[in-house]
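Chemist: These protein sequences, in sequence, are chains A and B. Take the first sequence: its position 18, counted from the start at 1, is 18 in the numbering used here, and no numbers get skipped. For the numbering used here, count along the second sequence from 1 and bump the result up by 302. Ideal placement from N, C-alpha and C gives every residue a C-beta, glycine not left out. First the structure, which I've put down as structure tokens, then a few questions once you've had a look.
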Amino acid sequence: MLSPSAEKLPSADITTYQLERGVSPWRDAWSRLRRNHLAVFGGVCVLVLGICCVLGPLFSPYGYEQTDLYNTFSPPSSAHWLGTDQLGRDLLTRLLFGGRISLMVGLVATVVALTIGVIYGAVSGYIGGKLDRVMMRIVDILYALPFTIFVILLMVFFGRNIVLLFVAIGAVEWLTMARIVRGQIMSIKRMEYIEAARSLGLSTTRIIFRHMIPNILGPIIVYTTLTIPGVMLLEAFLSFLGLGVQPPMSSWGVLIKDGAERMEEYPWLLIFPGTIFSLTLFSLNFLGDGLRDALDVRSAKD
Amino acid sequence: MFRFIARRLLETIPVLFIIVTATFFMVRFVPGGPFDSEKATTPEIRANLEAYYGLNLPLHQQYLNYLKAVVLHGDLGRSTKYASRTVNEIIADKLPASLQLGSLSLMIALVLGLSAGVLAAVKRNTKIDYFASSFAMVGICVPTFVLGPLLVLVFAIHFGWFSASGWYSWHDRILPSLTLGIVYAASIARLTRGGMLEVLSLDYIRTARAKGASEARIIFKHALRGGLLPVVSYLGPAIAGILTGSFVIETIFQIPGLGREFVNSAFNRDYTLVLGTVILYAVLIIALNLVVDVVQVWLNPKLKFE
Numbered sequence: 001m002l003s004p005s006a007e008k009l010p011s012a013d014i015t016t017y018q019l020e021r022g023v024s025p026w027r028d029a030w031s032r033l034r035r036n037h038l039a040v041f042g043g044v045c046v047l048v049l050g051i052c053c054v055l056g057p058l059f060s061p062y063g064y065e066q067t068d069l070y071n072t073f074s075p076p077s078s079a080h081w082l083g084t085d086q087l088g089r090d091l092l093t094r095l096l097f098g099g100r101i102s103l104m105v106g107l108v109a110t111v112v113a114l115t116i117g118v119i120y121g122a123v124s125g126y127i128g129g130k131l132d133r134v135m136m137r138i139v140d141i142l143y144a145l146p147f148t149i150f151v152i153l154l155m156v157f158f159g160r161n162i163v164l165l166f167v168a169i170g171a172v173e174w175l176t177m178a179r180i181v182r183g184q185i186m187s188i189k190r191m192e193y194i195e196a197a198r199s200l201g202l203s204t205t206r207i208i209f210r211h212m213i214p215n216i217l218g219p220i221i222v223y224t225t226l227t228i229p230g231v232m233l234l235e236a237f238l239s240f241l242g243l244g245v246q247p248p249m250s251s252w253g254v255l256i257k258d259g260a261e262r263m264e265e266y267p268w269l270l271i272f273p274g275t276i277f278s279l280t281l282f283s284l285n286f287l288g289d290g291l292r293d294a295l296d297v298r299s300a301k302d
Numbered sequence: 303m304f305r306f307i308a309r310r311l312l313e314t315i316p317v318l319f320i321i322v323t324a325t326f327f328m329v330r331f332v333p334g335g336p337f338d339s340e341k342a343t344t345p346e347i348r349a350n351l352e353a354y355y356g357l358n359l360p361l362h363q364q365y366l367n368y369l370k371a372v373v374l375h376g377d378l379g380r381s382t383k384y385a386s387r388t389v390n391e392i393i394a395d396k397l398p399a400s401l402q403l404g405s406l407s408l409m410i411a412l413v414l415g416l417s418a419g420v421l422a423a424v425k426r427n428t429k430i431d432y433f434a435s436s437f438a439m440v441g442i443c444v445p446t447f448v449l450g451p452l453l454v455l456v457f458a459i460h461f462g463w464f465s466a467s468g469w470y471s472w473h474d475r476i477l478p479s480l481t482l483g484i485v486y487a488a489s490i491a492r493l494t495r496g497g498m499l500e501v502l503s504l505d506y507i508r509t510a511r512a513k514g515a516s517e518a519r520i521i522f523k524h525a526l527r528g529g530l531l532p533v534v535s536y537l538g539p540a541i542a543g544i545l546t547g548s549f550v551i552e553t554i555f556q557i558p559g560l561g562r563e564f565v566n567s568a569f570n571r572d573y574t575l576v577l578g579t580v581i582l583y584a585v586l587i588i589a590l591n592l593v594v595d596v597v598q599v600w601l602n603p604k605l606k607f608e
């Protein structure tokens with residue numbers, strides 16, 4: 001955009017002119033994000049769902065494992081807003097409770113993936129040379145492996161425990177993050193401020209974590225947002241196969257599995273969890289896409 | 303190119319070796335064994351069973367025997383669950399259904415995804431584009447295990463057009479392949495649209511237009527080749543996804559395929575069957591990835607077979 005020259009401006013406008021010049025990249029990105037309706041809708045949805053899942057169960061008159069055998073398979077009503085399941089458990093309560101688990105798996109496993117991916121990619125990109133070649137070759141090879149199969153094996157063999165679920169999923173999802181971070185690190189490695197930091201004698205760790213990573217936060221944030229739905233999908237996939245979260249605990253994958261088994265007579269058991277889960281994936285994907293456009297990180301796309 | 307393929311093939315040897323070794327020891331070190339569920343096995347019967355499968359030998363001996371049998375004879379051993387059958391027989395029995403499901407889904411994904419993507423890019427910002435993009439959105443946000451049951455609910459139970467389970471006639475095959483295909487069709491459509499839009503704005507397309515080439519020629523002859531690149535690099539992950547995605551589809555639609563067998567074998571601690579299927583899937587995925595890489599270089603001369 002062409003900025004008008006200062007002399008032509010009336011004196012009253014000079015302050016606004018100066019304010020406009022002081023817009024930081026983050027604020028600029030924020031204003032672009034706000035104009036993207038789908039992304040805003042996604043962000044609001046995620047926020048509302050998150051708050052409902054965290055606080056909702058506190059206000060529910062039912063417990064997530066509280067059975068009521070006189071009221072099995074009751075359709076949505078004023079007592080049970082979304083109906084009840086085969087043991088008379090309140091579907092809404094279970095849905096909110098399951099949301100806690102699903103969202104938590106999404107967050108924790110993404111953090112695991114993020115940590116591994118960023119450190120691996122940063123080291124590989126910054127040090128370069130032979131080490132970089134070997135490290136990236138390893139990533140290439142790992143990409144070709146049937147990882148889902150290993151996660152399934154892990155879950156079957158080691159007792160389907162939820163901590164393991166986090167670690168297993170996180171350990172699978174870090175590869176793309178490592179690639180993106182490496183590319184970004186390589187592109188800023190030769191910049192003057194990094195040379196300056198090096199000539200000041202700073203340690204490699206300090207240069208990477210204090211000087212480089214803050215400068216590539218954009219792509220990292222974007223890709224993190226896009227990893228969360230992938231992780232949640234994998235959790236639901238495992239739960240659907242009976243390998244994830246175990247009853248009486250619930251997660252969205254568990255509820256969808258239960259619903260799919262009884263959808264002929266009681267379709268709401270499938271439709272409500274399916275809708276909420278799809279809505280969450282939709283929101284996270286569009287929030288991620290919006291962030292990518294706002295932060296303008298095209299290179300991270302492939 | 304031959305050197306490229308040869309080098310890649312050589313590389314897969316250590317990779318496969320690591321997979322076999324890791325899976326072998328992982329399976330052995332976990333709690334529980336293949337004969338735990340058998341009711342009232344006396345120690346004698348158990349000892350006999352273990353001797354029959356060679357499980358009484360020292361672990362390294364078992365491992366070496368297994369490697370030798372696999373490498374020299376392609377023999378994956380006997381199933382510890384179905385005592386009368388070898389793993390090779392089970393795979394030969396169950397793999398065809400999975401392969402059919404996979405290739406049908408991939409075909410649906412490519413045909414639907416490419417046509418939707420090209421159409422959306424060419425008719426950019428029209429109703430057609432919005433329609434195709436919303437279709438892609440549904441595919442990306444509705445996972446297979448929601449979509450599958452919903453399709454069954456509507457088309458099998460309500461309308462009765464297709465069957466809800468089994469794998470005998472084309473009637474049974476439509477819903478499962480569609481369910482698995484649509485998800486990948488959606489991603490392919492998005493990638494195609496993006497790739498085509500980028501290519502269509504390049505100078506050489508304008509040149510082609512200026513020279514008076516027909517719109518169809520411009521799209522199919524000039525633009526598609528470049529526009530397909532993102533799709534081709536996505537095919538590797540997509541194929542792996544379709545292969546593993548079939549676990550869920552086979553469960554939903556009760557298809558007698560290898561995916562369902564694999565999950566069951568893990569539950570049953572069927573050591574040999576687990577190992578055999580993991581090796582098979584690894585080989586399949588690695589081989590298909592190699593094909594994808596070759597196609598990618600063929601489409602994009604800027605990349606060279608290094």
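Roughly how many whole angstroms lie between the Cα atoms of B/V599 and A/C52?
Modeler: Their Cα atoms are separated by approximately 49 Å.
Chemist: By the DSSP assignment, the alpha helix (DSSP H) with B/Y573 in it spans what residues?
Modeler: Y573 to L601
Chemist: Only counting the same chain, and skipping five residues up and downstream in sequence, which positions put a Cβ closer than 7 Å to that of A/W81?
Modeler: L92
Chemist: Out of A/F73, A/L95, A/I271 and A/L217, which one is the CA nearest neighbour of A/M177?
Modeler: A/L217
Chemist: Have a look at A/R292, A/A294, A/L295 and A/S283 and flag the residue whose alpha-carbon is nearest the alpha-carbon of A/G43.
Modeler: Checked all of A/R292, A/A294, A/L295 and A/S283; the closest Cα to A/G43 is A/S283.
Chemist: Mind listing, in chain order, the continuous alpha helix (DSSP H) runs of no fewer than 4 residues lying wholly within the region 382-457 of chain B?
Modeler: 389-424, 429-443 and 446-453
Chemist: What would DSSP say about B/R380, mapped onto helix, strand or coil?
Modeler: B/R380 falls in the strand class under three-state DSSP.
Chemist: Measuring alpha carbon to alpha carbon, tell me which of B/Y486, B/A525 and B/S516 ends up nearest B/E500.
Modeler: B/A525
Chemist: Quick check on the burial criterion: 16 or more other C-beta atoms within 10 angstroms. Buried or exposed for A/Y193?
Modeler: exposed
Chemist: Would you say B/Y365 faces chain A, with C-beta separation under 7 Å as the test?
Modeler: no
Chemist: Looking only at its own chain, which residues have a Cβ that is under 7 Å from the Cβ of B/V534, when we skip the five neighbours before and after it?
Modeler: V594, V597, Q598 and L601, listed in sequence order.
Chemist: Return helix, strand or coil for B/S516, following the three-state DSSP convention.
Modeler: coil
Chemist: Closer than 7 Å, CB to CB, is A/L270 near chain B or not?
Modeler: yes
Chemist: Quick check on A/K301: does DSSP put it in helix, strand or coil?
Modeler: Residue confidence is low: A/K301 scores 38 on pLDDT, short of 50, so the model does not pin down where it sits. Its coordinate-derived value is still stated next. Residue state, collapsed to three classes: helix.
Chemist: Using a Cβ-Cβ cut-off of 7 Å (strictly less than) and excluding sequence neighbours within five positions of B/I544, which residues of its own chain qualify?
Modeler: Within the same chain, and ignoring the five residues on either side of B/I544 in sequence, the residues whose Cβ sits closer than 7 Å to its Cβ are G404, S407, L408, L482 and Y486.
Chemist: With 8 Å as the limit, tell me which residues of the region 551-562 of chain B have their beta carbon closer than that to any beta carbon of chain A; keep them in chain order.
Modeler: T553 and I554
Chemist: Secondary structure at A/D68, three-state DSSP: helix, strand or coil?
Modeler: coil
Chemist: For A/S303, count neighbouring Cβ atoms within 10 angstroms of its own Cβ and tell me buried if that reaches 16, exposed if not.
Modeler: What the structure shows of chain A is the stretch from 1 to 302, and residue 303 of chain A is not part of that stretch, so it cannot be assessed.
Chemist: Are A/P248 and A/L95 touching if we call contact CB-CB under 7 Å?
Modeler: Result no, Cβ atoms of A/P248 and A/L95 do not sit closer than 7 Å.
Chemist: Output yes or no for whether 7 Å exceeds the beta carbon distance between B/D574 and B/G379.
Modeler: With the sequence shown as reference, residue 574 of chain B is identified as Thr, and Asp is not the correct amino acid for it. Yes. Within cutoff.
Chemist: CB-CB under 6 Å to A/S299, same chain, minus the five flanking residues each way: which ones, in chain order?
Modeler: Low confidence applies here, because A/S299 scores a pLDDT of 40, under 50, leaving its location unreliable; read the following figure in that light. Closer than 6 Å at the Cβ level, and outside the excluded window around A/S299, lies no residue.
Chemist: Within 10 angstroms of the Cβ of B/L590, are there 16 or more other Cβ atoms? Answer buried if so, exposed if not.
Modeler: buried
Chemist: Going along the chain, which residues of the region 427-438 of chain B sit with their C-beta nearer than 9 Å to a C-beta in chain A?
Modeler: none
Chemist: Measure the CB-CB distance between B/A540 and B/R495 and report whether it falls below 7 Å.
Modeler: no
Chemist: Using the Cα positions of B/D377 and B/T388, report the straight-line distance between them to the nearest angstrom.
Modeler: 9 Å
Chemist: Kindly indicate which residue of A/L279, A/L255 and A/M263 has the alpha-carbon position closest to the one of A/E65.
Modeler: A/L255
Chemist: Can you tell me which residues form a DSSP beta bridge with A/D90?
Modeler: As DSSP reads the structure, A/D90 sits in a beta bridge with A/T84.
Chemist: Nearest CA to the CA of B/M328: which residue from A/I116, A/F157 and A/V105?
Modeler: Nearest to B/M328 by alpha-carbon distance, out of A/I116, A/F157 and A/V105, is A/F157.
Chemist: Report the neighbours of A/F277 on chain B: residues whose CB is nearer than 8 Å to its CB, in chain order.
Modeler: P445 and V448
Chemist: Measure from the alpha carbon of B/L416 to the alpha carbon of each residue in B/I587, B/F461, B/D474 and B/I484, then state which is nearest.
Modeler: B/I484
Chemist: Answer yes if the region 548-567 of chain B comes into contact with the region 394-403 of chain B, meaning at least three C-beta pairs across the two stretches below 8 Å, and no otherwise.
Modeler: Touching, per the Cβ criterion.
Chemist: Within its chain, find whatever has a CB closer than 7 Å to the CB of B/A458; leave out the 5 residues flanking it on each side and keep chain order.
Modeler: For B/A458, same chain residues with a beta-carbon under 7 Å away, outside a window of 5 residues either side, are F464, S465, A466 and L477 in chain order.
Chemist: Got a sec? Which residues, its chain only, sit under 6 Å from B/V454 by beta carbon, not counting five neighbours each side?
Modeler: A466
Chemist: Can you have a look at A/Q184 and say buried or exposed, based on whether 16 or more other CB atoms are within 10 angstroms of its CB?
Modeler: buried
Chemist: Taking CB distances under 7 Å as the criterion, tell me whether A/E192 reaches chain B.
Modeler: no
Chemist: Is DSSP giving A/R35 helix, strand or coil here?
Modeler: helix
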